[in-house]
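Following: one structure in structure tokens, then a few remarks.
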Amino acid sequence: MAEPAGTIRLKLAALGIDHRASDFPVQFIEFCEQNDLYEMEVNAAGELLILPMTGYRGNKQENYMNHFLVGWELANGGSASSQTVRFRLPSGEIRGPDAAWITQERFDALSEDEWNRIVEGAPDFVAEIRSRTDDLPPLRNKMALWMAAGARLGWLIDTRSRQVYIYRAGQTEPEVLDNPEALDGEDVLPGFVFPVRQYVFDLAGPEE
Numbered sequence: 037m038a039e040p041a042g043t044i045r046l047k048l049a050a051l052g053i054d055h056r057a058s059d060f061p062v063q064f065i066e067f068c069e070q071n072d073l074y075e076m077e078v079n080a081a082g083e084l085l086i087l088p089m090t091g092y093r094g095n096k097q098e099n100y101m102n103h104f105l106v107g108w109e110l111a112n113g114g115s116a117s118s119q120t121v122r123f124r125l126p127s128g129e130i131r132g133p134d135a136a137w138i139t140q141e142r143f144d145a146l147s148e149d150e151w152n153r154i155v156e157g158a159p160d161f162v163a164e165i166r167s168r169t170d171d172l173p174p175l176r177n178k179m180a181l182w183m184a185a186g187a188r189l190g191w192l193i194d195t196r197s198r199q200v201y202i203y204r205a206g207q208t209e210p211e212v213l214d215n216p217e218a219l220d221g222e223d224v225l226p227g228f229v230f231p232v233r234q235y236v237f238d239l240a241g242p243e244e
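In my numbering, the protein residues as written are 37 to 244.
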């Protein structure tokens, strides 16, 4: 599984819905827009997944990540996206990362449906941040899905162990960094640096 504990699962086939159909992304986005209090994805088995909320801390961590990524995009090109954007993988799954980026070439080639609804294929760069509701094995499974679908660089940021798993295209296992101060975008995002310790690991709430 690639979903956190507490995820609600609904079998779309039981409702007469084929998640592999060409018009399903339109139906999915319309359904999400009518139920915008919930975060939803679709897995390869055709189950609609209603995900638990990450909470205020998790949202802040994601926002900081996306702030730095958008800043890099404005100077270097391509297109960054946040946790509200969905990508459709070759398996038919519809997934949403906490942060993502695609090349300028891919962005320029987006169809009208992709621009307004769901992007086909995995992002070139993808990041997942472990929230209070996430167990590590499902998140690692989700990262494996992204990489198998064509992502070139991925970061899994484990807020509890203060570790980061670096996934690279062509490598069977991720590199694990212990409590890094910052993360490097390498050759996928040249010059991109995210101060993960300051904006994720050490992010303090009002009670701290």
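Backbone N, C-alpha and C fix where the C-beta goes; we use that ideal spot for every residue, glycine too.
Bear in mind that the values here come from a model prediction, so they are computed numbers and not experimental data.
{"Query": "Among P174, G128 and Q140, whose alpha-carbon lies nearest the alpha-carbon of G157?", "Result": "G128"}
{"Query": "Would the beta-carbon of P88 fall within 9 Å of that of A38?", "Result": "no"}
{"Query": "So, using beta-carbon positions, are E75 and Q119 closer together than 9 Å?", "Result": "yes"}
{"Query": "Residues bridged to W182 by DSSP?", "Result": "In DSSP, W182 forms no bridge with anything."}
{"Query": "Quick one: give me the first and last residue of the alpha helix (DSSP H) that M89 is part of.", "Result": "First-last for M89: undefined, no H or E at that position."}
{"Query": "So is P159 in contact with chain D if we call contact Cβ pairs under 9 Å?", "Result": "No chain D appears in this structure, which consists of one protein chain only."}
{"Query": "Hey, which unbroken runs of the beta strand (DSSP E) at 3 residues or more fall wholly within the stretch 187–223?", "Result": "189–194, 199–204 and 211–214"}
{"Query": "Return yes when the Cβ of A205 is within less than 9 Å of the Cβ of M183, no when it is not.", "Result": "yes"}
{"Query": "Give a yes or no on contact between the stretch 232–243 and the stretch 89–102, applying the rule of three or more CB pairs nearer than 8 Å.", "Result": "yes"}
{"Query": "Taking one C-beta from the stretch 152–167 and one from the stretch 130–144 each time, how about it: are there three or more such pairs within less than 8 Å?", "Result": "yes"}
{"Query": "Who are the near neighbours of G132 in its chain, counting only those whose CB is closer than 8 Å to its CB and skipping five residues on each side?", "Result": "E75, E77, Q119, T120, V121, R122 and F123"}
{"Query": "Express the C-alpha separation of S115 and L219 in angstroms, rounding to a whole number.", "Result": "19 Å"}
{"Query": "Determine the DSSP secondary structure at V121, reduced to helix, strand or coil.", "Result": "coil"}
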